[in-house]
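What follows is one structure encoded as C-alpha cells, with my remarks underneath.
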Amino acid sequence: MGKYLDKIVTALHEMLQIWREEYEKIFTDFGVMLLFLGATIAYPLIYAGAYAPEVLSDTPIAVVNHDQSSTSREFLRMVDATQQIKIAMVKEDLNQAKQAFFDGEVNGVLVIPEDFTKEVMRGEQAHISVYCDGSYFLHYKQVYQGVATSLATLNAGVQVKRLMASGMPEEAAIKSAQQVKLNSYPLYNPAGGYGSYVMPALLVLILQQTLLMGIGMLGGTDRERKAYHYLAPYAERRGGAIRVILGKTGAYVSLYFILAFYMLILVTRWFHIPQNGEPLHILSFIIPFLLASAFLGLFLATFFKNREVSMIVLLFTSIPLIFLSGFSWPWESFPIVLKWLAQISPSTHAIRGFLKINQMGTTLYTAGHEWMILWFQTILFAVLATWRMRSIIKHARNTKQPE
Amino acid sequence: MIKQLQHMGWYRVTQRELRRMSSRRLYLLLTLVFPLISIGFFVALFSGQVPRDLPVAVYDGDQTSTSRALLRMIDATPSVEIAYQVSTPLEGKAHIEAMDAYGMVIIPEGFEKDLIRGDLPTVKSYYNNAFLVAGGLINRDITTAVRTFAAGVSYSKHVKKGEEPLQAIVKVSPVKLDKHILFNPYTSYFYYLVTCFLPVMLQIFIMSSVVYAIGVELKEATALEWLNTAGGNIIHALSGKLLPYLFIFGLLMTLTYTIFFQYFHVPLNGSHLILGYNAVLFVLAYISIGILITSIFPSVRMALSISSVFGALAFTFSGLTFPYQAMYKAYVVGGQIFPFSHYLKVFIDQALKGAPVSASFSGLVALNLFLLIPFLVTRRLKKMAQNEKYWGKL
Numbered sequence: 001m002g003k004y005l006d007k008i009v010t011a012l013h014e015m016l017q018i019w020r021e022e023y024e025k026i027f028t029d030f031g032v033m034l035l036f037l038g039a040t041i042a043y044p045l046i047y048a049g050a051y052a053p054e055v056l057s058d059t060p061i062a063v064v065n066h067d068q069s070s071t072s073r074e075f076l077r078m079v080d081a082t083q084q085i086k087i088a089m090v091k092e093d094l095n096q097a098k099q100a101f102f103d104g105e106v107n108g109v110l111v112i113p114e115d116f117t118k119e120v121m122r123g124e125q126a127h128i129s130v131y132c133d134g135s136y137f138l139h140y141k142q143v144y145q146g147v148a149t150s151l152a153t154l155n156a157g158v159q160v161k162r163l164m165a166s167g168m169p170e171e172a173a174i175k176s177a178q179q180v181k182l183n184s185y186p187l188y189n190p191a192g193g194y195g196s197y198v199m200p201a202l203l204v205l206i207l208q209q210t211l212l213m214g215i216g217m218l219g220g221t222d223r224e225r226k227a228y229h230y231l232a233p234y235a236e237r238r239g240g241a242i243r244v245i246l247g248k249t250g251a252y253v254s255l256y257f258i259l260a261f262y263m264l265i266l267v268t269r270w271f272h273i274p275q276n277g278e279p280l281h282i283l284s285f286i287i288p289f290l291l292a293s294a295f296l297g298l299f300l301a302t303f304f305k306n307r308e309v310s311m312i313v314l315l316f317t318s319i320p321l322i323f324l325s326g327f328s329w330p331w332e333s334f335p336i337v338l339k340w341l342a343q344i345s346p347s348t349h350a351i352r353g354f355l356k357i358n359q360m361g362t363t364l365y366t367a368g369h370e371w372m373i374l375w376f377q378t379i380l381f382a383v384l385a386t387w388r389m390r391s392i393i394k395h396a397r398n399t400k401q402p403e
Numbered sequence: 001m002i003k004q005l006q007h008m009g010w011y012r013v014t015q016r017e018l019r020r021m022s023s024r025r026l027y028l029l030l031t032l033v034f035p036l037i038s039i040g041f042f043v044a045l046f047s048g049q050v051p052r053d054l055p056v057a058v059y060d061g062d063q064t065s066t067s068r069a070l071l072r073m074i075d076a077t078p079s080v081e082i083a084y085q086v087s088t089p090l091e092g093k094a095h096i097e098a099m100d101a102y103g104m105v106i107i108p109e110g111f112e113k114d115l116i117r118g119d120l121p122t123v124k125s126y127y128n129n130a131f132l133v134a135g136g137l138i139n140r141d142i143t144t145a146v147r148t149f150a151a152g153v154s155y156s157k158h159v160k161k162g163e164e165p166l167q168a169i170v171k172v173s174p175v176k177l178d179k180h181i182l183f184n185p186y187t188s189y190f191y192y193l194v195t196c197f198l199p200v201m202l203q204i205f206i207m208s209s210v211v212y213a214i215g216v217e218l219k220e221a222t223a224l225e226w227l228n229t230a231g232g233n234i235i236h237a238l239s240g241k242l243l244p245y246l247f248i249f250g251l252l253m254t255l256t257y258t259i260f261f262q263y264f265h266v267p268l269n270g271s272h273l274i275l276g277y278n279a280v281l282f283v284l285a286y287i288s289i290g291i292l293i294t295s296i297f298p299s300v301r302m303a304l305s306i307s308s309v310f311g312a313l314a315f316t317f318s319g320l321t322f323p324y325q326a327m328y329k330a331y332v333v334g335g336q337i338f339p340f341s342h343y344l345k346v347f348i349d350q351a352l353k354g355a356p357v358s359a360s361f362s363g364l365v366a367l368n369l370f371l372l373i374p375f376l377v378t379r380r381l382k383k384m385a386q387n388e389k390y391w392g393k394l
C-alpha cells in the first residue's frame, strides 16, 4: 500500500517538476511570449477596436428628383430620416450622380422620375429607381433596405389615403392596406452589429491558434536543442511519457485559462459585445476546449523538427478554420469533405458552444453536445500525444546524441 | 548567352536558390503545397455559391389551408427550408438554441378567419442574428414571402369586388421599386469573399516564403556565402534570390484569376491590363514587406511571427466587409500600410465596377511606393549578411 502511495507521490512530483520547467521555458522564450502574451492580449483589442462602431449608419446617397412635388419631397424626407441613409447631395441628372458615385462621394443613387406624383394620383403604378453598389456588401444592404423600408411606408400611406377617399374609416383602411402584419425579431444581436457577430468566433480561434503555434514552437526548440535527450529517464518507466504530457499541459492550460478569462469575459465587456450567458458556464465550457487544444498542440509539435516549421504550417490554417466553424458562411452549404474536416478542429465545436452560451444566453447544458465532443477530443489527442512523445523520447535515448 | 549570364551575380544566386529550394521540403510546402491547398479549400467552400435551404422551424397555430399556403410560399424561397413543424413555440426556441434552425415563423391561431374578416393577423418571425449572413438571408426571404402573400390576398379581394386585374395590382402596390444593382448582378456575398480570401491567403505565403528564404541564411550562417555568390552586391543577391518566388507567386496569381473569371464567372468589366499590373504589384509589394520584416528581425521565427500578424490583420483593415466609413479614423489610416487594401480597391474598381482608369491611379501609386522599401534597407541587410552577430538566432 505504502509502495503505491510512494509511486503516486513521485509521479505527481515529477509532473509538477515538468510543469514548472515548462513555465520557465515559456517565460524565457521571447518568441513564445510574443504568442502567448503578446498576440493573445493585442489581437482581441485590435480586432475589437476595428469593429467597435458595430453598425454603419447614414450611408451617403445622391438623389436625382425629376418630379419636384410635395409627395416626392415627403418621400425623400422619409428616406433621409432612416438610420441607414443620408441624402448627401441632389444632382440634376443620372450621369452627374454616377460621377459622384465613381468618385466615392456617395454609395448609391435614388432616381424619382418626372411623372411620379401624377401617376400616383391617377392610380397608375409609379416607379422609382435605386442604384446600389453591389461590390461592397454592407453599402448595398444599407441603401437597399433604407429605400425599401421608406417605400413600404409610402405605399401603405397612398393605399390608406385612397381607401379613405372611397369612404372607408381610417382604422379599417390601415388594416385593409396591409392584410397581414409581420413582426420580425432579430435574436441575440438585435442591432445587427458587425463586431458582435465576428468577435466571439475570432476570440475563440485566437486562443486555439496562438496556443498551437506556441506549443509547436516550444516543441521545435526542444527538438533543435536535442532536449528530448534529457527526458530519456522518464521513458525508462511506465507512464513516463504521460507525466511529461500532463506536466506540460498543466503549464499551458493554467496560463490560457487566465487568457480565456481576459478575452471571453473582460474584452467582451469592455467592447460591449453581448454577453448573455453566465461567466461560470462559459469558463466551465472552455476548460475541455483548452485541454483538447493543448493536447492537439503537443501531438502536432512532435512532427516539427525546427521552430519555424510549426509557425509556417499552422499559420495558414487560421483563416480556413474560421470559415469551417460555420459562423460566417452557413454550415449547410459546405461540401461534405469540409464538414468532416471541420469536426477535427476543437475550434469548430468551441465556437458553436461559446455562441450558444455567450450570445444566446443558454446554459452549459444546452451546449452539452459540443462540450462532450471537446472532452472526447481531449482524450483522443492526449492518447495520440502520449504515444508520439513516448516514441520520440525512446528514439532520443537510443541515438544518445552528444551535445 | 548563358555564359554571359553566369557572370551576373543575380543569375548565380538564382541558380543557388533553386538548388536550395529543391533540397528542402519546406520550400515546396510553403510555395506550392499550402497555397494550392488553400485555393482548393476556398474553391470547395464557395462552389455551392449562394447558401440555400437554411433550416427554419415553423409553428402553425392555425392549421388551415390558408396558413399552409403561406408556409409553402416561405418554404419555396431560395434560402429557407422548413425543417421543423413544431407543436409549441418553445419547441421552436429549443431548435434555435440548439442551432438546428436559424429562425422560427409563428402563425397565430385564427389566422385565416382574421384574414377573411380583414382583421390584420400578425405573423411573427424570429431569426438568429448572431449569424449575420444566414439570419439576414432568411429574414429577407420571409419578409418577401409574407409581403407577396399579403399582396396576393389584397389583390384577390379587389378582383372579387369586380375590379380589373391590372387596376388591382396598382391598388396593391401604388409605387414599385426598380432595383439596379451595380457591379454585382447576383448580389451575392460570395463574390466579396471569394475574390478577397484567395489573395489574403497568398499574401501570407508570399511574406513567409521571403522571410524564411532570407532568414534561414542568417540562421544557418550561410548569409555571407549568399552575398559572395552575388559578388558582394546586395541588390543582386536579393533580386537573384527572390526571382523564383516572384515567378511562382505570379503563376499562383494567374491561377487565382483564372479561377475567378473562368470558373466562378466573376464580372470582368474594366481594364485587363491594369488588373494584371495590379496582381504583379501585389506580389512585389508583399515581397518588399517580407524584405523589410527580415531586415528588422534577424531571427527567422520572430520575422515569421511578425509577418503572420501583419498577414492576419490584412482582411480586417481592408474595409471590405466592415467598411472604412464606419471605422475609427486611426484604423482607416492604419489600413493604408497594408498592400492588400490598395490591391483590393484596384481589383474591385477594375474587375467588378469597370471604373475609369483614373479611379485606380492612386491605388497603383500606393502599391508602387511599397516597392521602394527594399532600397531603404539594403545597407542594413548587407551588414546583417556580413556580420556574425546577426547569425544563428533561433
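Protein chains in written order, with the UniProt record's numbering: chain A, 1 to 403; chain B, 1 to 394.
Here a beta-carbon is modelled for each residue, glycine too, at the ideal position from N, C-alpha and C.
Since the structure is predicted, the reported quantities are computational estimates derived from the model, not experimental observations.
Coil, strand or helix - residue i by DSSP
| i | result |
| --- | --- |
| B/Ile206 | helix |
| B/Asp178 | strand |
| B/Thr66 | helix |
| B/Val346 | helix |
| B/Leu54 | strand |
| A/Pro402 | Because the pLDDT of A/Pro402 is 45, which lies under 50, any placement of that residue in the model is unreliable, and the number read from its coordinates should be weighed accordingly. Coil at A/Pro402, not helix or strand. |
| B/Gln336 | coil |
| A/Ala396 | helix |
| A/Thr59 | strand |
| B/Ile106 | strand |
| B/Gly250 | helix |
| B/Ala130 | coil |
| B/Ile82 | strand |
| B/Ile259 | helix |
| B/Leu371 | coil |
| A/Asn155 | helix |
| B/Val216 | helix |
Residue i versus residue j - alpha carbon distance
| i | j | result |
| --- | --- | --- |
| A/Gly104 | B/Glu164 | 46 Å |
| A/Ser70 | B/Leu193 | 43 Å |
| A/Gly134 | B/Leu381 | 45 Å |
| B/Tyr328 | A/Glu21 | 44 Å |
| B/Leu251 | B/Ala279 | 10 Å |
| B/Ser362 | B/Ile348 | 14 Å |
| B/Pro89 | A/Lys91 | 50 Å |
| A/Val111 | B/Phe46 | 35 Å |
| A/Phe323 | A/Ala201 | 10 Å |
| A/Val337 | B/Phe42 | 12 Å |
| B/Tyr126 | A/Gln359 | 15 Å |
| A/Leu264 | A/Gly214 | 20 Å |
| A/Glu403 | A/Thr221 | A caution first: A/Glu403 carries a pLDDT of 38, below 50, which makes its placement in the model unreliable, though a value can still be read off. Roughly 14 Å separates the two Cα atoms. |
| B/Leu243 | B/Thr14 | 7 Å |
| A/Gln401 | B/Leu275 | For A/Gln401, the pLDDT reaches just 49, beneath the cut-off of 50, and the residue's location in the model is therefore unreliable, although a value from the coordinates is still provided. Computed Cα separation, rounded: 55 Å. |
| B/Gly231 | A/Phe101 | 54 Å |
Distance between beta carbons of residue j and residue i, contact taken as under 8 Å
| i | j | result |
| --- | --- | --- |
| B/Val210 | B/Ile296 | Incorrect: roughly 13 Å between the Cβ atoms, too far for contact. |
| B/Ile74 | B/Ala145 | 5 Å |
| A/His139 | A/Gly108 | 7 Å |
| A/Leu291 | A/Thr317 | Between A/Thr317 and A/Leu291 the Cβ distance is about 20 Å, and since that is not below 8 Å, they are no contact. |
| A/Phe381 | A/Leu296 | 5 Å |
| A/Gly49 | B/Tyr331 | 7 Å |
| B/Leu371 | B/Phe205 | Not quite, the Cβ-Cβ distance comes to about 19 Å (not below 8 Å), so this is no contact. |
| A/Leu315 | A/Tyr252 | The pair is not a contact, with the Cβ atoms about 19 Å apart (cut-off 8 Å). |
field: Inter-stretch contact at 8 Å, needing at least 3 Cβ pairs: the stretch 350 to 367 of chain A / the stretch 200 to 214 of chain A
entry: yes
task: Check whether the stretch 184 to 193 of chain A touches the stretch 254 to 270 of chain A, counting contact only when three or more Cβ pairs, one atom from each stretch, lie closer than 8 Å.
output: no
- prompt: Do three or more CB pairs link the stretch 254 to 264 of chain B to the stretch 324 to 342 of chain B at distances below 8 Å?
  reply: no
field: At least 3 beta-carbon pairs within less than 8 Å: the stretch 62 to 78 of chain B vs the stretch 105 to 113 of chain B
entry: yes
task: Give, in chain order, every unbroken run of the alpha helix (DSSP H) that is at least 4 residues long and sits entirely within the stretch 321 to 368 of chain A.
output: 336 to 344 and 346 to 354
message: What ranges does the alpha helix (DSSP H) occupy inside the stretch 77 to 104 of chain A, keeping only unbroken runs of at least 4 residues that lie completely in it?
response: 94 to 102
message: Measuring CB atoms only, is the stretch 95 to 107 of chain B touching the stretch 47 to 65 of chain B, in the sense that at least three cross pairs come out at less than 8 Å?
response: Cβ pair count under 8 Å is three or more, so yes.
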